[in-house]
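Novice: First residue of the sequence shown: 9, per my numbering; consecutive thereafter.
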Amino acid sequence: MTTDATSVRGEQIAVPDYLADTYWWAYVHPHAVRVFERQWLVNLILWGNFARLRDMALDALGAQLDGRTLQVACVYGDLTRRLLGRLGPDAGLDVVDILPIQLRNLRSKLPADDRVKLIHGDSSRLAAPSGSYDRALLFFLLHEQPEDVRRATVSEALRVVRPGGSLVIVDYHRPRAINPLYLPMRAILGTLEPYALDLWRQPLEDWLPQDVSLAKLEKRTMFSGLYQMLEITV
Ligand SMILES: C[S@@+](CC[C@H](N)C(=O)[O-])C[C@H]1O[C@@H](n2cnc3c(N)ncnc32)[C@H](O)[C@@H]1O
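Following this line, the structure appears as C-alpha cells:
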C-alpha cells in the first residue's frame, strides 16, 4: 500500500476553503480523527443507517470487484476495508483524498495490501487518465462540497470511469414531509453542513454534466427519503 506525500502531479494541494471553514472540526483538525473515527458515532450521525448504506453501495459496485476501483474520498468506519474484502486477486483499489491526515488514518485502518493505493488528490481535478477505472464510488462527499466543486467532482468521477463501467453515489436527499427527522435534519444540516441542503432542493442529477450521455441511471431513496443512491452506468 502506498501513500503519496504530495500529489500524483507532484504539486502541493491546498486545503479548500469549504473544508477549512465549514468542516475543520470533522476532518482537518488534528483531533478530528481521534473524535470521529468511531463506527458507532458515524452510525449515530446516519441515524443507525451506516451499515445499510455502506452495504448498498458495496452491492451496487459488485460482489467481486475485478479490475480497477476508485473510492473518491476517505470515509470514517470500515467502508474501505470492506471494499478491499471484495477485491479480486489481481484487482486494484485507489482512494483519493485531499487531506493527508485522512489518508494516514485510512492507512492505519487497512491491512497491508499491495492492491490498495492511497492518493493525495482533489476530487474536482483527478490526476487519473480518462476511462482508467472500472468503477468509482462517491460516498457522502457531494453534500460537503459547494456547487462548483460538486459539479466538477461528479464530472471527474464520470470521466475516469471507462464506458460500460459504473459510478455509485450515496448521499443525502430531501426526506418526505412525514419523516419525523425532516425538521431536526434541516436544522442540523443548515447549521453544520450548509451545502447539504442543496441536495434537498435539487435532484442530484442536476449536477451531472450535460454533455455526457449515460447508458443507465437508477435512483433509489431510503429511510423515508433522507438518503439516496444513484447507480450510473457510463
Ligand atoms: C467522504 S466525505 C464524508 C464521509 C462521511 N461523512 C464519513 O463518515 O466520513 C469526507 C472526506 O472527503 C474528503 N474531501 C473533501 N473534499 C475533497 C476533495 N475536493 N477531494 C478529495 N477529498 C475530499 C475529506 O478530506 C474527508 O476525508
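Think of the CB as a built atom: it goes at the ideal place given N, C-alpha and C, for glycine as much as any other residue.
Just to confirm, does Ser131 get its C-beta within under 7 Å of one of the non-hydrogen atoms of ligand 1?
Specialist: Yes, ligand 1 has a heavy atom inside 7 Å of this Cβ.
Novice: Identify, in the order they occur along the chain, each residue of the same chain with its Cβ nearer than 7 Å to the Cβ of Arg123, setting aside the five sequence neighbours on each side.
Specialist: So the list reads Leu95, Ala99, Gly100, Leu101, once near-sequence residues are dropped.
Novice: Check for me: the beta strand (DSSP E) holding Asp156 runs from which residue to which?
Specialist: From DSSP, Asp156 is part of no beta strand (DSSP E) but of the alpha helix (DSSP H) over 155-168.
Novice: Name the residue from Arg170, Leu87, Glu213 whose alpha carbon lies nearest to the alpha carbon of Arg46.
Specialist: Per the Cα distances, Leu87.
Novice: What number of angstroms, rounded off, separates the C-alpha of Ser138 from the C-alpha of Ser132?
Specialist: Going from the Cα of Ser138 to the Cα of Ser132 covers about 14 Å.
Novice: Under 8 Å, do Trp55 and Leu225 count as touching if we go by C-beta distance?
Specialist: No, they are not a contact pair.
Novice: Among residues of its own chain, excluding the 5 on either side of Val104, which ones have a beta-carbon nearer than 6 Å to its beta-carbon?
Specialist: So the qualifying residues of the chain are Val80, Ile127, Gly129.
Novice: Is DSSP giving Val104 helix, strand or coil here?
Specialist: Of the three classes helix, strand and coil, the one that applies to Val104 here is strand, per DSSP.
Novice: Which residues in the same chain as Val168 place their Cβ atom closer than 6 Å to its Cβ, once the five residues preceding and following it in sequence are excluded?
Specialist: Result list for Val168: Leu134, Ala136, Ser140, Tyr141, in chain order.
Novice: Go ahead and pull the three-state DSSP assignment for Tyr31.
Specialist: Coil, per DSSP.
Novice: If you draw a straight line from the C-alpha of Ile196 to the C-alpha of Ala204, how long is it?
Specialist: C-alpha separation (whole angstroms): 10 Å.
Novice: Apart from the five residues just before and just after Arg184, which ones in its own chain have a Cβ nearer than 7 Å to its Cβ?
Specialist: Ser232, Gly233.
Novice: Beta carbon of Phe330: closer than 7 Å to some heavy atom of ligand 1?
Specialist: Because the chain spans 9 through 242 in this model, residue 330 falls outside it and cannot be assessed.
Novice: Excluding sequence positions up to five away, which residues of its chain have a Cβ less than 6 Å from the Cβ of Asp63?
Specialist: Counting only Cβ-Cβ distances below 6 Å, and skipping sequence neighbours, we find nothing.
Novice: Would you kindly check if the distance between the Cβ of Phe58 and the Cβ of Asn51 is under 8 Å?
Specialist: Result yes, Cβ atoms of Asn51 and Phe58 sit closer than 8 Å.
Novice: Count the other CB atoms, across all protein chains shown, that sit within 10 Å of the CB of Glu239; report buried if there are 16 or more and exposed otherwise.
Specialist: Classification for Glu239: buried.
Novice: When burial is assigned at 16 or more other CB atoms within 10 Å of the CB, is Trp33 buried or exposed?
Specialist: Exposed.
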